[in-house]
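Under the UniProt record's numbering, think of the first position of the sequence shown as 1, with each following residue one higher.
One structure is given here, and the rest of the page talks about it.
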Amino acid sequence: MTSPAFSQKKKPKVQAAAAKPNIVLIMADDLGFSDIGSYGSEIQTPNLDKLAAEGIRFRQFYNNAICAPTRASLLSGQYQHTAGMGYFNINLGTPAYQGFLSKQTVSLAEVLKDAGYSTLLSGKWHVGDDSTSQWPRKRGFDHFYGNIGGASDYYVIKNLPKKQRSFFVKDDKVVDPEDEDNFYYTDEIAKNAIGFLTDQRREQKPFFLYLAFTSPHWPLQALPKDIKKYEGKYDIGWDSLRILRFKRQQELNILGKGQKISVKNSDLPAWNSLTYDEQKLWAKKMEVYAAQVDNLDQNIGKVIEHLKESGQLDNTIIFFISDNGAAGEDVGHGFSGRTVRNWGPVGTAGSYDSYTRTWAYASNTPLKSFKGFQYEGGISSPFIARFPSKIPAGGLIDGTAHLIDIAPTLYEIAGAKYPQTYKGNTIHPLAGESILPAIYGKEWSRSKPIFWERAGNKAVRKGKWKLVSVRSDQWELYDIETDRGETSNVIKDHSDIVAELKGLYETWAKSVKVEDWNIIGKGKGFEPSFNP
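Following this line, the structure appears as structure tokens:
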């Protein structure tokens, strides 16, 4: 195995230290809790594992369970409804559900730009695509390359008419790939990020790079050289893989002591119940998925290598997270994982497959459920931070953090002032709190509860307790400190805790303008895409 890009035999020539650190914020797409090596995976992720070894990891870091609401909270420091993305990038007719970032929020790029930073985005946007007025350069980014919507092919699909192909934007213009035959989107995201960083050095000011990969979001399309690494690796099946990852997590102490693995959904088939041909097909899907994660890590390594060679790495704080748990596609994909547009073997440009809920449960080991729901498997993310001059190496943090905490943390790092008004609009106060003390190895505990709601799925977390409800009025209560897998619903034993958390949730829901899903969404024909 090659060494990670930023392991160095000799110290590089370093520029004079900037007054403010550079910031790199990396987000993976649909990556499960256990899909990288430092969180229990067998997939080769040496660059991310090196980040973890030289920095810190959170055991409990939360997202919003699905793409667009997560990105709205990340970019604004607000709960998704306050940011305008209560459901998705779809306008359901109210400010909290308008499907693009509200004018009463400011983006990371807008605040950091005013603090003297160059602001760069390479990758996925997905927080407003109805109009070019919602695109990244209108929300503070100096430069942008990537996809505006929620998903993209990784290859140029020549079988499709041009107007039906995935399209990519550079700054404000739609651009064609320079080399269609050698185009692979994950590579292009890193390539353009490095180009932006190279050009930015002439400006002699710190930079904020938001590196928003689409990998490993479907479709299952990977480079043959990466797929080859995993041939035969997943013939053991999803049931055995969950156990192996769980054991590895215990060895890494990533879960804490005494945790149990979640109970697999009863409608998910046992691996041994499949025929030989079915097993070979499904093993191939996971080989391709693993190859996509592997390639993601390679491209993170390319960006880190550039920072090392340019002498900027030591003055750059790097964060890594995922936008939600692994994706359990169901409606529109079905158990086969195949859609109408499928004319080539899985992994190729002609494939439009997903690995669906079966492998997603393994990706989220040891957690319950997957993308779209407020069980731990839907809302939990790996979280890594590295900054050697400030962050102690190899730390594991128990404190409970959420995406809404990223903005106040970055503003504290950058010495940026969060505005009360911006472009004539009154700006909502930040919803989260800085987790910089925890990242820097100091004592920290969360002072506020955390809340979730999307499409009628709701939850609240306070201390060790989590109250959750999945598309019903029936609540469940879990002690996450001892039961991260949500295996034992203890709601009947703690009526006082339930009453307190319900009250907190109702007050919060009113404050951010959560609507009754039966009216705002289901009544208009919208349904969540997945089952818990």
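All C-beta atoms in this analysis are idealised placements derived from N, C-alpha and C, irrespective of residue type, glycine included.
Nearest CA to the CA of residue i: which residue from the options?
i, options, result
"Gln-164", "Lys-170, Asp-171 and Val-156", "Val-156"
"Asp-294", "Gln-44, Ile-26 and Gly-40", "Gln-44"
"Lys-371", "Ala-349, Ala-455 and Leu-244", "Ala-455"
"Asp-297", "Val-498, Phe-144, Ala-212 and Trp-218", "Ala-212"
"Thr-426", "Phe-320, Lys-50, Lys-513 and Lys-103", "Lys-103"
"Trp-238", "Asp-277, Tyr-355 and Lys-138", "Tyr-355"
"Ala-68", "Leu-25, Val-127, Val-106 and Val-263", "Val-127"
"Tyr-440", "Lys-280, Leu-396 and Leu-477", "Leu-396"
"Asp-130", "Val-106, His-143 and Leu-101", "Leu-101"
"Leu-48", "Pro-269, Asn-299 and Thr-132", "Asn-299"
"Gly-37", "Asp-176, Gln-249 and Asp-172", "Gln-249"
"Pro-46", "Asp-172, Ser-273, Gly-301 and Lys-229", "Gly-301"
"Trp-444", "Ile-189, Tyr-210, Ala-19 and Gly-399", "Gly-399"
"Pro-382", "Pro-388, Thr-365 and Pro-392", "Thr-365"
"Tyr-422", "Ala-28, Gly-32, Val-106 and Thr-70", "Val-106"
"Ser-34", "Ser-380, Ser-434 and Ser-447", "Ser-380"
"Thr-412", "Asn-518, Glu-433 and Gly-424", "Note on identity: in this sequence residue 412 is Glu, with Thr being the wrong assignment. For the residues Asn-518, Glu-433 and Gly-424, the minimum Cα distance to Glu-412 belongs to Glu-433."
"Ala-438", "Ile-384, Pro-419, Lys-225 and Gly-32", "Ile-384"
"Phe-61", "Asp-405, Ile-148 and His-494", "Asp-405"
"Asp-473", "Trp-517, Phe-451 and Phe-208", "Trp-517"
For the beta strand (DSSP E) containing residue i, list its first residue and its last residue.
i, result
"Asn-147", "143 to 147"
"Val-460", "457 to 462"
"Asp-516", "Neither: Asp-516 is in no beta strand (DSSP E) and is coded neither H nor E."
"Glu-476", "476 to 479"
"Glu-453", "450 to 454"
"Lys-466", "465 to 469"
"Leu-396", "395 to 397"
"Ile-56", "56 to 58"
Below 7 Å between beta carbons: does that hold for residue i and residue j?
i, j, result
"Ile-236", "Ala-291", "no"
"Ser-122", "Gly-84", "no"
"residue 546", "Gln-98", "Residue numbering for the chain in the displayed model covers 1 to 532; residue 546 lies beyond these limits and cannot be assessed."
"Leu-223", "Val-288", "no"
"Leu-477", "Ile-491", "yes"
"Leu-430", "Thr-409", "no"
"Phe-373", "Asn-457", "yes"
"Ala-53", "Gly-394", "yes"
"Pro-21", "Asn-315", "yes"
"Phe-144", "Ala-109", "no"
"Asn-64", "Gln-80", "yes"
"Ile-480", "Lys-464", "yes"
"Ala-401", "Phe-183", "no"
"Ser-215", "Thr-186", "yes"
"Met-286", "Trp-359", "yes"
"Arg-242", "Ala-362", "yes"
"Ile-26", "Ile-317", "no"
"Asn-324", "Thr-82", "no"
"Ala-190", "Val-111", "no"
"residue 539", "Phe-207", "Nothing can be reported for residue 539: it is not among the residues displayed for the chain, which extend from 1 to 532."
Along the alpha helix (DSSP H) that carries residue i, what are the first and last residues, could you check?
i, result
"Met-85", "Here Met-85 belongs to no alpha helix (DSSP H), and DSSP marks it neither H nor E."
"Ser-363", "356 to 363"
"Ala-28", "Looking at the DSSP string, Ala-28 is not in any alpha helix (DSSP H); the run it does join, the beta strand (DSSP E), is 22 to 28."
"Arg-71", "67 to 76"
"Thr-119", "Careful: Thr-119 lies outside any alpha helix (DSSP H), inside the beta strand (DSSP E) at 118 to 124."
"residue 533", "The structure shown does not extend to residue 533, since the chain spans only 1 to 532, so no value can be given for it."
"Ile-406", "406 to 414"
"Pro-437", "436 to 439"
"Glu-110", "108 to 114"
At a cut-off of 6 Å, is residue i close to the ligand HEM when judged by its beta-carbon and the heavy atoms of the ligand?
i, result
"Gly-55", "Here there are no bound small molecules, and the ligand HEM is not part of this structure."
I think residue i touches residue j, with their Cβ atoms under 8 Å apart; what is that distance to the nearest whole Å?
i, j, result
"Leu-501", "Val-460", "5 Å"
"Ala-407", "Ser-118", "About 18 Å; that fails the 8 Å criterion."
"Ile-254", "Tyr-39", "6 Å"
"Leu-197", "His-306", "6 Å"
"Ile-391", "Ile-56", "6 Å"
"Lys-205", "Gly-116", "6 Å"
"Asp-172", "Arg-137", "6 Å"
"Ser-322", "Ala-28", "5 Å"
"Val-263", "Thr-487", "6 Å"
"Arg-245", "Ser-41", "6 Å"
| Which full runs of the alpha helix (DSSP H) of 4+ residues lie inside the stretch 268 to 318, going along the chain? | 276 to 309
| said: Threshold first: 4 residues or longer. Then list the alpha helix (DSSP H) segments lying entirely within the stretch 165 to 248, N to C. | reply: 185 to 200 and 224 to 228
| Taking only runs of the alpha helix (DSSP H) that begin and end inside the stretch 365 to 393, which ones reach a length of at least 4 residues, in chain order? | 376 to 379
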